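Chemist:
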Amino acid sequence: MLTDLPLLSLIIWLPILGGVAVFALGESRVAWGHRLALLVSLLAAVLGGMLYAGFDNSTAAMQFVERTAWIEAFDAWYYLGIDGIALPLILLTVLVTPLVVIAAAQSVRLRASQYLAAFLIMEGIMIGVFAARDALLFYVFWEAMLIPMFLIIGLWGGPNRVYATIKFFLFTFFGSVLMLVALIYLYRQAGTFDLHTLQQLPLGLTEQLWIFMAFFAAFAVKIPMWPVHTWLPDAHVEAPTGGSVILAAIMLKLGGYGFIRLSLPITPDAAMALDWLMVGLSLIAIVYIGFVALAQSDMKKLIAYSSIAHMGFATLGFFIPFMIVAGGETTGARMAVEGGMVQMISHGFVSAALFFCVGVLYDRMHSRQIGDYGGVANTMPVFAAFMVLFAMANAGLPGTSGFVGEFMVILASFRANIWIALLAGTTLVLGAAYTLWLVKRVLYGEVANERVAALHDLSRREFAILGALAVAVLGIGLWPAPLVDMMSVSVSALLDQVLVGKL
Amino acid sequence: MQEQNTTFTMPDFLPALPEMFLLGAACVVLLADLFFPGRNRGLTWLLSLVALAGTAVCVLALEVGEHGVMTFSNTFVLDQLAILMKLAVLAASATVLVYSRHYLAARDLHRGEFYTLTLFSTLGMLVIISAPHLLTLYLGLELMSLCLYALVALNRDSAVGAEAAMKYFVLGAIASGLLLYGMSIIYGVTGSLQLDEIAAFIGAQEERHLGLVLALTFVVAGLAFKLGAVPFHMWLPDVYHGAPTPVTLLIGSAPKIAGFALVFRLLVEGMEHLYVDWRDIFILMSVLSLVAGSVVAIAQTNIKRMLAYSTIGHIGFLLMGFIAGTSEGYSAALFYALVYVLMALGAFGMILLLSRKDFEADNLDDLRGLNARSPWFALVMLLVMFSMAGVPPTIGFHAKLAVLSAVVNAGFLWLAVLGVIAAIVSAFYYLRVVKLMYFDEPQDNAPLSGGIDMRVLLSSNGIAVLVLGLMPGALLTATIAAIP
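Those protein sequences? They're chains Z and V, same order as listed.
Position 21 (the first sequence) corresponds to 389 in our numbering; numbering is contiguous.
Position 333 (the second sequence) corresponds to 335 in our numbering; numbering is contiguous.
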């Protein structure tokens, strides 16, 4: 019965149309806008639950498939479907968005209905990226996402928001249009935009290398990898809380998803040929950016750099399998990719939680500078408990979700090269250093000033948001099996194809 | 299909019915306007719209086969392509009239001349579209251009307007001269003015005739002037800037479709065998237009000038479709032209909406804080701007995709890469417009002008940019079907 409904279309278009409706309600009926937005985002979460319930773990085939002609002139189809790689990311999206909507009721006053509309539309578009099985449809969703995010940062951001948002847009647009040229080239070779056909399309190594580089431009900017990461700290610092949350929790994951969905299967031999580059850049992200994070005096910037370091683990997990297999091992490859995926989901929750924490403080003090805080735990004990939990998760403490992914990736890296594993392992030190130092400076010590002394603890709304995220973080940390099971068959199928190559 | 008798036979008038109707209707408007006193100029407006609508009905009523019909001794053709383009031109002209009325009425410009000249220039465009013959082509071109020259000078007390009109006229006349000179050489070499015969003559030649290459150079230069491709673009920013905004709206919209028809009929239908020769010139012009259009626009503070340079950039993309040299490429260029007209109507329409009595909203700063003044029209303009930048899900993306796909297929991958880089650079100034509308505070809070008719049409204009972007299939198929 569940499969009779076009669930994927519903989960994409319901938030988009809901967003339009909230926009149409206008600023004068903003209370209704809040209710409608919450209702829509919760309905989307229910639809996500239905997807999960109806999903079959035992097959790598696309499920919930919908296929209708879209643009006949390009042989492009409105073709949706999910596998075990897309589903966790969709679930992440539908779980985080309601929290952003809930948080908005308290912290956003200016043009609140436009704010809510932008986030709902974002939600639908991002799910569209994860669900698209047609390269053109994928691209349309991929680019469309820039418009609401551009407005979110620019309208509700901090003092330097215009610079940040234009930089964000131009950086990501630059990467995307190169991907577009690559997709057009592929379309010309294959005669279709169907992703499955493109994955089977035979390509020479030179072609693959060029296409891989074009994809790299799009995905490396998005995820982001060193050295094209510079837009991210700016965007995060200037974005409003909700914008930072969505940016860190979901949009960065789109880059990782792009590597898995397009780069690896379409250009496997180029990925193999350039695995040293990808692994090297991932390690730079983990080690160098870890040090950069240590030096930050702005809380949001610190978390932004920590995001880059954590996403380095995801890319390490996606590209190290080639080295593992080259060393004669085969078992570690799947663990590496799964570890990268778990890392993405975990980081989605952890970074969202940390940005919410900063948002809680910012709403009260209107400062993101670490130096303005100190001794917050004295006045906000409940908040402090949550923040310590999320900081631990960010540092990769066993029992939290942050541990699972990092552990899997490091373990797999040992099978490739002990030095890579060692370098990756430095995150356990660096991550702990910058996160715990942040906690120490903000939460502990003497009450720093009168404004900190006047702080009041979490409201019920904030408690609900952080509580929900804490459940997710601990849940994945203590019992990651359901998440890993969801994706393992799809990951195996992906690796079977990728490691054979096209040549 | 046609008998070539020495005795006189009555030609088939039916294919030219729309043109004849429009000619008659324009004369009626001209006469009727004399009897309407100033405050009843609305009747002239209504009558002009009826004239355009009636012409569209005539176009729709005509049936043509797959290959079209020729008449008037093969000097007039009506095919699928012509029907599609005529409908687009008529729709664009009607939109111009709706958008302009309020603006003209608020100034001392609400005269019958605007309407009659617009109708006659529309007639010229229709003639160009249906021209399989050099003379018909030239006739239509001059009819269109002369009316436009006069329209630019509509506000006779404006020094900028007079300067723009003078520039437009002198440069336009030079362009026409170049074109005519090229045509005369073609006639001298091939002995025919009819495009299919010219094509047959060139095709039959074993070696490329040097005279034809010379003629081609003149023809292409003339066309480039009319289109505004770099390095023949100098008139365009000044004319866009100097003309009254409704006239800029007119020049910026429907004539681009006629420009496509001009290039298609002359170079593709007439001289496709010289493809390699004109392709190389087009590549150069396309590259220069892309660069100039995207870079120079950044420095503009006047939105009409900015849109003028943006037009030049768009022409660079449009030329890509011709560079591909396949019917797929030509339909992509046609699609691009249609989409461009839709976007230009929205953008210039917004300037008209923001202007009011004694106030011209033609500086970028006048868009400041539009979101606070009217969230809906800010959204409309946002869609138009992102469409011009080529960001999905708007129709502008599919237009760029179509031409890029065509040039990639023709083996010009580097040109496609250059195109997308130009798109990134130009995204910057479109984003700046969005930034002004959304992120800045308004400077004046006067309510927006414009009647309900204009508001509804402008809103549909914006919605069309989005909806066609989500479902571009039908329009794409129509443009592909139009080009055999």
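By construction, the Cβ of each residue, glycine as well, lies at the ideal position given by its N, Cα and C atoms.
The model shown is predicted, which means the values in this text are computed figures rather than measured ones.
Per DSSP, W445 (chain Z) is paired with what?
Modeler: Here residue 445 (chain Z) corresponds to residue number 77 of the first sequence, with the count starting at 1. Z:A437.
Chemist: Taking 8 Å as the threshold, find out whether the segment 368-388 of chain V comes into contact with the segment 293-304 of chain V through three or more Cβ pairs.
Modeler: no
Chemist: Please classify D368 (chain V) as buried or exposed, where buried requires at least 16 other C-beta atoms within 10 Å of its C-beta.
Modeler: In the second sequence, residue 368 (chain V) corresponds to position 366, counting from 1. Buried.
Chemist: Going by alpha carbons, who is nearest to P474 (chain V) out of V:K402, V:G421, V:L433?
Modeler: As a working mapping, residue 474 (chain V) is identified with position 472 in the second sequence. The alpha carbon of P474 (chain V) has as its nearest neighbour, out of V:K402, V:G421, V:L433, the alpha carbon of V:K402.
Chemist: Determine whether the Cβ of Q431 (chain Z) lies closer than 8 Å to any Cβ atom of chain V.
Modeler: Numbered from its first residue, the first sequence carries residue 431 (chain Z) at position 63. So, not an interface residue.
Chemist: Since M733 (chain Z) is in the alpha helix (DSSP H), which residue starts that stretch and which ends it?
Modeler: If you number the first sequence from 1, residue 733 (chain Z) lands on position 365. That run of the alpha helix (DSSP H) goes 699-733.
Chemist: Excluding sequence positions up to five away, which residues of its chain have a Cβ less than 8 Å from the Cβ of Y242 (chain V)?
Modeler: In the second sequence, counting from the first residue as 1, residue 242 (chain V) sits at position 240. If we look at Y242 (chain V) and ignore the five residues flanking it on each side, its Cβ neighbours are T250, I253, G254, K306, R307, L309, A310, T313.
Chemist: For I579 (chain Z), which option in Z:G543, Z:D502, Z:V655 has the closest C-alpha, if you only look at C-alpha atoms?
Modeler: Walking along the first sequence from the start, residue 579 (chain Z) turns up at place 211. Residue Z:G543 is the option with its Cα nearest to I579 (chain Z).
Chemist: Below 8 Å on the Cβ atoms is my contact criterion, and I expect G727 (chain Z) with A471 (chain Z) to pass it. Report the Cβ-Cβ distance as a whole number of Å.
Modeler: What you label residue 727 (chain Z) is simply residue 359 of the first sequence in a count that begins at 1. What you label residue 471 (chain Z) is simply residue 103 of the first sequence in a count that begins at 1. That belief holds up - the Cβ atoms of G727 (chain Z) and A471 (chain Z) are roughly 7 Å apart, short of 8 Å.
Chemist: Classify M369 (chain Z) as buried or exposed, calling it buried when 16 or more other Cβ atoms lie within 10 Å of its own Cβ.
Modeler: As a position in the first sequence, residue 369 (chain Z) is number 1, starting the count at 1. Per-residue confidence for M369 (chain Z) stands at a pLDDT of 45, beneath the threshold of 50, marking its modelled position as unreliable; the derived number appears in the next sentence. Exposed is the call here.
Chemist: Start and end of the alpha helix (DSSP H) containing T73 (chain V)?
Modeler: Start at 1 with the first residue of the second sequence, and residue 73 (chain V) comes out as number 71. T73 (chain V) -> not in any alpha helix (DSSP H); beta strand (DSSP E) instead, spanning 71-73.
Chemist: Who are the near neighbours of R2 (chain V) in its chain, counting only those whose CB is closer than 7 Å to its CB and skipping five residues on each side?
Modeler: Any answer about residue 2 (chain V) is impossible in this case: the structure gives chain V only from 3 up to 486.
Chemist: Which of the three DSSP states is assigned to L478 (chain V) in this structure?
Modeler: As a position in the second sequence, residue 478 (chain V) is number 476, starting the count at 1. Helix, per DSSP.
Chemist: Apart from the five residues just before and just after V705 (chain Z), which ones in its own chain have a Cβ nearer than 8 Å to its Cβ?
Modeler: Mapped onto the first sequence, residue 705 (chain Z) falls at position 337. Taken in chain order, the residues that qualify are I628, G685, F686, P689, V859, L862, L863.
Chemist: Would you say G407 (chain V) faces chain Z, with C-beta separation under 8 Å as the test?
Modeler: Indexing the second sequence from 1 puts residue 407 (chain V) at position 405. Before going further, note that residue 407 (chain V) is Ser rather than Gly in the sequence given. So yes, S407 (chain V) belongs to the interface.
Chemist: Keeping to the same chain, check which residues put their C-beta closer than 7 Å to that of G261 (chain V); ignore five residues upstream and five downstream.
Modeler: Walking along the second sequence from the start, residue 261 (chain V) turns up at place 259. Within the same chain, G261 (chain V) has close Cβ partners K228, L229.
Chemist: Which residues of the segment 458-479 of chain V have a Cβ closer than 7 Å to any Cβ of chain Z? Give them in chain order.
Modeler: P474, G475, L478, T479
Chemist: Using the beta-carbon of each residue, which ones in chain Z are nearer than 7 Å to V297 (chain V)?
Modeler: As a working mapping, residue 297 (chain V) is identified with position 295 in the second sequence. Simply none; closest approach about 15 Å.
Chemist: Quick check: is the beta carbon of M369 (chain Z) nearer than 8 Å to any beta carbon in chain V?
Modeler: Your numbering for residue 369 (chain Z) matches position 1 in the first sequence. No answer about M369 (chain Z) holds up, because its pLDDT of 45 lies below 50 and its placement is not dependable.
Chemist: What does V549 (chain Z) reach in chain V if we use C-beta pairs closer than 9 Å?
Modeler: As a first step, residue 549 (chain Z) is located in the first sequence; it is residue number 181 there, counting from the start. Simply L406, V410, L415, A418, V419, G421, V422.
Chemist: In this structure, how does DSSP classify N447 (chain V) when only helix, strand and coil are distinguished?
Modeler: In the second sequence, counting from the first residue as 1, residue 447 (chain V) sits at position 445. Here N447 (chain V) sits in coil by DSSP.
Chemist: When DSSP builds the beta bridges, which residues end up paired with Q865 (chain Z)?
Modeler: To locate residue 865 (chain Z), count along the first sequence from 1; it is residue 497. Answer is none; Q865 (chain Z) lacks a bridge partner.
Chemist: Roughly how many whole angstroms lie between the Cα atoms of I283 (chain V) and M185 (chain V)?
Modeler: Mapped onto the second sequence, residue 283 (chain V) falls at position 281. Mapped onto the second sequence, residue 185 (chain V) falls at position 183. Rounded to the nearest angstrom, the two C-alpha atoms are 18 Å apart.
Chemist: By the three-class DSSP mapping on this structure, what secondary structure does Q82 (chain V) have?
Modeler: To locate residue 82 (chain V), count along the second sequence from 1; it is residue 80. Helix, per DSSP.
Chemist: Does M3 (chain V) pass the burial test, meaning 16 or more other C-beta atoms within 10 Å, or should it be called exposed?
Modeler: Mapped onto the second sequence, residue 3 (chain V) falls at position 1. The predicted model places M3 (chain V) with a pLDDT of 46, which falls under 50 and marks its position as unreliable; any figure quoted below should be read in that light. Exposure of M3 (chain V) is indicated by the presence of fewer than 16 other C-beta atoms within 10 angstroms of its C-beta.
Chemist: Anything in chain Z within Cβ reach of F319 (chain V), meaning under 8 Å, just list it in chain order.
Modeler: Stepping through the second sequence from its first residue, residue 319 (chain V) is reached at position 317. Those within 8 Å of F319 (chain V) in chain Z number zero; the least Cβ separation is about 13 Å.
Chemist: By the DSSP assignment, the alpha helix (DSSP H) with G793 (chain Z) in it spans what residues?
Modeler: Within the first sequence, numbered from 1, the residue matching residue 793 (chain Z) stands at position 425. 786-811 is the extent of the alpha helix (DSSP H) around G793 (chain Z).
Chemist: Measure the alpha-carbon distance for T533 (chain Z) versus P601 (chain Z) and round it to whole angstroms.
Modeler: Within the first sequence, the letter at position 165 stands for residue 533 (chain Z). Within the first sequence, the letter at position 233 stands for residue 601 (chain Z). Computed Cα separation, rounded: 11 Å.
Chemist: In chain order, what residues of the same chain lie with their CB nearer than 7 Å to the CB of F537 (chain Z), ignoring the 5 residues before and after it?
Modeler: Stepping through the first sequence from its first residue, residue 537 (chain Z) is reached at position 169. Once the five neighbours on either side are set aside, the close Cβ partners of F537 (chain Z) are L514, F518.
Chemist: Name the residue from Z:L632, Z:T698, Z:L573, Z:K535 whose alpha carbon lies nearest to the alpha carbon of H604 (chain Z).
Modeler: Residue 604 (chain Z) sits at position 236 when you count from the first residue of the first sequence. The residue with the shortest Cα to Cα distance from H604 (chain Z) is Z:K535.
Chemist: For the alpha helix (DSSP H) that M494 (chain Z) lies in, which residues bound it at each end?
Modeler: On the first sequence, residue 494 (chain Z) is found 126 positions in, with the first residue counted as 1. Segment 480-499, the alpha helix (DSSP H) holding M494 (chain Z).
Chemist: Thinking just about the alpha-carbon of each residue, which of Z:R477, Z:V433, Z:A421 is nearest to the one in S396 (chain Z)?
Modeler: The count along the first sequence starts at 1 and reaches residue 396 (chain Z) at position 28. Answer by Cα proximity: Z:R477.
Chemist: For a cutoff of 8 Å on Cβ pairs, would you count F262 (chain V) as touching chain Z?
Modeler: Translated into the one-based positions of the second sequence, residue 262 (chain V) becomes position 260. For F262 (chain V), the answer is no, since every Cβ of chain Z falls outside 8 Å of its Cβ.
Chemist: Nearest-angstrom Cα distance between Y342 (chain V) and N365 (chain V)?
Modeler: For this step, residue 342 (chain V) is matched to residue 340 along the second sequence. For this step, residue 365 (chain V) is matched to residue 363 along the second sequence. Approximately 22 Å, taken between the alpha carbons.
Chemist: Report yes if the CB atom of G315 (chain V) is closer than 8 Å to the CB atom of S428 (chain V), and no otherwise.
Modeler: One-based indexing of the second sequence puts residue 315 (chain V) at position 313. One-based indexing of the second sequence puts residue 428 (chain V) at position 426. Yes.
Chemist: Give a yes or no on contact between the segment 478-493 of chain Z and the segment 446-460 of chain Z, applying the rule of three or more CB pairs nearer than 8 Å.
Modeler: no
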